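Peer 1:
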Amino acid sequence: MKKFLSGLLLFLIAIVWLVVWIALPGLVILALAVLLALWLTLTRGGRRTLSVTRVGLSTLGSRLGSTAVIVVGIAGVVGVLVALLAMGEGLAATLKQTGSEDTAIVLRGGSGGEANSVLTRDAIDVVEQAPGVAHDASGRPLASAEIAVVTNIPKKSDPASDANVSLRGVGEAAWTVWPNVRIVEGRAFQPGLRELVVGRAAERQFVGLAPGQTLKLSGQEWTIVGVFESGDAHESELWGDVKSVASAYRRGSSAQSVTVKLASPAAFDGFKAALTGDPRLKVDVDTTRAFYGKQSEGITKVIRVVGITIGVIMAIGAVFGALNTMYAAVATRAREIATLRAIGFRGLPVVVSVLLETMLLALAGGALGAAIVWLVFNGYTASTIGGNFSQVVFQFRVTPALVWTGIKWALAIGFVGGLFPALRAARLPVTTALREL
Amino acid sequence: MKYLHLVIAALSRRKARTLFTLVSIVAAFLLFGLLNAVRVAFSGGSETLAGNERLVVASRFSIMTGLPQSLQARIAAIPGVEAVGHQNWFGGVYQDPKNFVLSFAVDQNYLDSNPEIVLTPEQRKAFADTRDGALVGKALAERYGWKVGQQVPLISQIFPRKDGDMTWPFTIVGIYDVAPDAPNGTDQMFFLHWKYFDEGNQYGQHEVGWYVVQLSDPAAADRVAQAIDALSANSDHETRTQTANAFNASFAKQLGNIGLIVSAIVAAVFFTLILLTGNTMAQAVRERIPELAVLKTLGFSSRSVLALVLAEAVLMLLVGGIIGMLLATAVVPALGKASGGMIQLPALGLRDWSEGLALMILIGFLVGVLPALRGMRLRIVDALAGR
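The listed protein sequences correspond, in order, to chains Y and W. Just so you know, we're using the numbering used here here: the first sequence kicks off at 164 and counts up by one. Just so you know, we're using the numbering used here here: the second sequence kicks off at 1165 and counts up by one.
#1: Shorter than 9 Å from the beta carbon of Leu1419/W to some beta carbon of chain Y?
#2: So which residues on chain Y does Asn1216/W lean against when the C-beta distance must stay under 7 Å?
#3: Using only the alpha-carbon positions, how far apart do Gly1209/W and Val1426/W sit?
#4: On the CB-based measure, 16 or more other CB atoms within 10 Å of its CB, does Ser169/Y come out buried or exposed?
#5: With distances taken from CA atoms, which of Asn327/Y, Leu597/Y and Gly389/Y is nearest Lys318/Y?
#6: Which residues of chain W have a Cβ atom closer than 8 Å to the Cβ of Gly239/Y, listed in chain order?
#7: Would Ala418/Y and Ser381/Y qualify as a contact pair, given that the criterion is a beta-carbon distance under 9 Å?
#8: What in chain Y is Cβ-close to Val1187/W, meaning under 8 Å?
#9: Look at the alpha carbon of Met164/Y and the alpha carbon of Ile570/Y, and state the distance between them as a whole number of angstroms.
#10: When DSSP labels each residue in this structure, what does Leu1548/W get in the three-state scheme?
#11: What does the alpha-carbon distance come out to for the pair Ala293/Y and Gly242/Y?
#12: If you count every other CB in all the chains shown that lies within 10 Å of the CB of Ser1518/W, and 16 or more means buried, which is it?
#13: Hey, which unbroken runs of the alpha helix (DSSP H) at 4 residues or more fall wholly within the stretch 195-232 of chain Y?
#14: Which residue comes first and which comes last in the beta strand (DSSP E) that contains Asn1252/W?
#15: To the nearest angstrom, how far is it from the Cα of Phe1184/W to the Cα of Ile473/Y?
#16: Work out the CA separation of Val561/Y and Arg467/Y for me, nearest whole Å.
#17: Report yes or no: do three or more beta-carbon pairs, one from the stretch 344-351 of chain Y and one from the stretch 374-394 of chain Y, lie closer than 8 Å?
#18: Which bits of chain C does Arg1224/W rub up against, with CB to CB less than 8 Å?
#19: Over the uninterrupted alpha helix (DSSP H) stretch that includes Phe540/Y, give me the two end residues.
#20: Figure out for me which residue from Ser221/Y, Val245/Y and Ala336/Y has the closest Cα to the Cα of Trp567/Y.
#21: Kindly indicate if chain W contains any beta-carbon less than 9 Å away from that of Met164/Y.
#22: Check this for me: beta carbons of Glu325/Y and Arg1450/W, under 9 Å apart or not?
#23: Check whether the stretch 430-441 of chain Y touches the stretch 516-526 of chain Y, taking contact to mean three or more Cβ pairs, one atom from each stretch, closer than 8 Å.
#24: Per DSSP, which residues does Asp1293/W bridge with? Please list them.
#25: For Ala300/Y, which residues in the same chain have their Cβ closer than 7 Å to its Cβ, ignoring the five residues on either side in sequence?
#26: Whole angstroms is fine: what's the gap from Lys1289/W's alpha carbon to Phe1225/W's?
#27: Hey, how far is the Cα of Arg367/Y from the Cα of Gln376/Y?
#28: Distance, Cα to Cα, Leu198/Y vs Gly507/Y?
#29: For Thr595/Y, is the classification buried or exposed, using 16 other Cβ atoms within 10 angstroms of its Cβ as the cut-off for buried?
#30: Hey, does Ala1173/W have any beta-carbon neighbour from chain Y nearer than 9 Å?
#31: Determine whether the beta carbon atoms of Val1337/W and Thr1294/W lie at a separation below 9 Å.
#32: Just to confirm, are Gly1249/W and Leu1275/W a CB contact at a threshold of 9 Å?
#33: Going by CA-CA distance only, name the one from Gly470/Y, Pro512/Y and Val281/Y that's closest to Gly415/Y.
#34: Whose CA, out of Leu1512/W, Gly1485/W, Gly1484/W and Arg1452/W, lies closest to the CA of Asp1548/W?
#35: In this structure, how does DSSP classify Thr1441/W when only helix, strand and coil are distinguished?
#36: Quick check: the stretch 1182-1197 of chain W against the stretch 1472-1487 of chain W, are at least 3 beta-carbon pairs closer than 8 Å?
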């Protein structure tokens, strides 16, 4: 009973430590690592630990199979976790980059997104004349009234079924309002004609979007005349002249949103106050950064929760795998450890050395998993449904921060997997251990 | 069977080790159960028998584009069409944007041609007679404590009323049951009158979202689909007609290749599991070589030693796997509740269980076979001498 209670207590302490560990900032962990290194090299106890660890590591070769279990098991956990988080990271980055602080987007009040918004011509005029809007050299306001409709175009990976692709009609000022967007092949569309430019990501992902090809949209033929790159959510879209798109989709002179270039980021408050205070309008005003940031929030949260849930369940499996392996390792080395203790080594070096060994293996596993994910998935292109009911093409991003998270998880698994076998090794009475076998 | 106690004795030889291995197996099959539910929710779940007898007619241009209501009579006239109903996405929320309600504006035909929505004749009549009437699924009514006769306002996230207000009042006239083979989530729906919706809607243009066509003969699906699409060919409202199954699948596919992601994770999990339990089994057999030799000395044939070790591995997988799948069965409905109805995962079905059991036995054999062969081939003299 006493043994059970002390085991339970230890287990609880380990859990608390894990929670603290995952929350610890990198700097503190670095400091801990440095302290450990100092202890290992400078004190007598530390040097003893080091020599015990060396003995343990030298026997790794003879139990290659069970060592591989720890390394591969943890590599699997870290790999899945990092891959899922990299997906969320990539999607969030693509959406966030789309916006900036010095452009603002105006939508119908309460619409919540472009798909549900409608602005009449009168409202658009009011927005364009509002204070705080930047003007070009000839004094025209830098504002792009836009329509985003959803079209059906099949994906290259699955030509049999349609995907929703966003077709955006933009005003003439769009090239200044969205400075990320630049034509890299062919030319821009001519206002008034049924011509389109396509994003590079859309061109790669969907069928029949190469320059020179024609596309049937809303029953009419459109010619693709160029390709643009922007590195953000717009790259998944098709762009055409707002008037041509409006007439093809029977929208008259209305638009869905107006994006304006502000004179400066500081002008936003004045711009917003002027529009929300105007009795002729009922609109929502946001900086584009806030607008696209909001879109990314929900979906990245879902991906994070899913990733961490799967990671935790896998980690539990891996912890018990590591426990098994390390108990077996300690059992086969029981005699050797007992001999060490018989000639005067204390418990602490033994405990720390077993822990160190497991955590080193875990580190190797974590690094292996993260490396594989980095090699396979970094820059891997995928697409999903974004805001506005249409496809957003994005790339997985395996960032150093994610790799670090993965390594932290690996070390935590190694710690728990090594702690209990280490204590058993230190506690086993010397005489029993020597007599065994 | 008569050697079962031997297998159990072998497993309880080192209880801690068996327990740890079991927990790993439980974790793996818990994940398998959960991920399978996710996969089914996004693809297979919509594969119903009724889904092949039903066509969905939507705009060829995009899901956001409506179709004229006048098309209904022309579709109904096509031979092979039993009934035509239509649906509009209403996009309603109750009180707070977080309380998302799967709400559709439908016509009376729609309910008649959807046998999975089980209504009493009185409820059906009440719905037909009440302009602002609404029918709600049992699970949805339970979630918000709605009663028949209650006034419920829904906020549409898309459609303002004529006066610009987004809040639409409804009177609940019926709470429906669902047929046992209904697609997942059917009991969470909210149906309102298309007429009420179209007349009150600021942008009402007599448009419907999509048509649902009930076929008299599923084999004629292709022919009827082509005939329907031919009605509007080269017009400004061209249609695309698919079976309900194909329509749902194409929608889910757009979220991303969920099936691929799930299979990749499951493969990673099981690869790790095989390695882990395989190693444990090898260890367990290595330790017991002298015991196995004794068994052979007593007259156990090589084959029964092989069977004993294999049975040990398979039993361990079965016990752990079944516990894991049971856990998944318990967790899946809890997830649905915790997410406020946004995530609708289907309960684990017969197919999940049979797939799971097959995997347990397969993995059991995989991890058991090498140690078992070793046990079978050992020579008594060598083993007893510890060579």
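We put the CB at the ideal spot given by N, CA and C, even for glycine. Since this is a predicted model, take the numbers as computed values, not measurements.
Peer 2: Per the coordinate set shown:
#1: Yes, because at least one Cβ of chain Y sits closer than 9 Å to the Cβ of Leu1419/W.
#2: At a beta-carbon threshold of 7 Å, none of the residues of chain Y lie near Asn1216/W; the nearest stands roughly 17 Å away.
#3: Model confidence at Gly1209/W stands at a pLDDT of 48, short of 50, so the residue's coordinates are unreliable and nothing is read from them.
#4: It is exposed - the Cβ of Ser169/Y has fewer than 16 other Cβ atoms within 10 Å.
#5: When each option's Cα is compared against that of Lys318/Y, the closest is Asn327/Y.
#6: Annotation: Cβ neighbours of Gly239/Y in chain W (cutoff 8 Å, chain order): Ala1432, Val1433, Phe1435 and Thr1436.
#7: Against a cut-off of 9 Å, the Cβ pair of Ser381/Y and Ala418/Y comes out as no contact.
#8: Within 8 Å Cβ-Cβ: Ile479, Gly480 and Phe483.
#9: The straight-line gap from Cα to Cα measures roughly 36 Å.
#10: The answer is helix: DSSP assigns Leu1548/W an H, G or I state.
#11: Distance from the CA of Ala293/Y to the CA of Gly242/Y, rounded to the nearest whole angstrom, comes to 51 Å.
#12: Flag for Ser1518/W reads exposed.
#13: Scanning the stretch 195-232 of chain Y from its first residue to its last, the whole alpha helix (DSSP H) runs of 4-plus residues come out as 207-221.
#14: Per DSSP, Asn1252/W belongs to the beta strand (DSSP E) from Val1245 to Trp1253.
#15: Looking at the backbone, the Cα of Phe1184/W and that of Ile473/Y are separated by about 19 Å.
#16: Using only the alpha carbons, I get a separation of about 14 Å.
#17: Contact annotation: the stretch 344-351 of chain Y touches the stretch 374-394 of chain Y, with at least three C-beta pairs closer than 8 Å.
#18: The structure shown contains no chain C; its protein chains are Y and W.
#19: Residues Gly510 to Phe540.
#20: The residue among Ser221/Y, Val245/Y and Ala336/Y with its C-alpha nearest the C-alpha of Trp567/Y is Val245/Y.
#21: Taking Cβ atoms only, chain W never reaches closer than 9 Å to Met164/Y, which makes this a no.
#22: Residue identity differs from the one stated: residue 325/Y is Asp in this sequence, not Glu. Cβ distance not < 9 Å, so Asp325/Y and Arg1450/W don't count as in contact.
#23: The way I'd put it, the stretch 430-441 of chain Y doesn't touch the stretch 516-526 of chain Y; fewer than three beta-carbon pairs between them come closer than 8 Å.
#24: Looking at the DSSP assignment, Asp1293/W forms no beta bridge with any residue, so it has no partner.
#25: Cβ-Cβ distances below 7 Å link Ala300/Y to nothing in the same chain once the five nearest sequence neighbours on each side are left out.
#26: In a straight line, the C-alpha of Lys1289/W is about 36 Å away from that of Phe1225/W.
#27: Rounded to the nearest angstrom, the two C-alpha atoms are 14 Å apart.
#28: Approximately 25 Å, taken between the alpha carbons.
#29: Exposed, by the Cβ-count rule.
#30: Contacts with chain Y at 9 Å (Cβ-Cβ) do not include Ala1173/W.
#31: Less than 9 Å divides the Cβ of Val1337/W from the Cβ of Thr1294/W.
#32: Going by C-beta atoms, Gly1249/W is nearer than 9 Å to Leu1275/W.
#33: Out of Gly470/Y, Pro512/Y and Val281/Y, Val281/Y has the C-alpha closest to the C-alpha of Gly415/Y.
#34: Correcting the residue type first, residue 1548/W is Leu in the shown sequence and not Asp. It is Arg1452/W whose Cα lies nearest to the Cα of Leu1548/W.
#35: Helix at Thr1441/W.
#36: Yes: at least three Cβ pairs fall under 8 Å.
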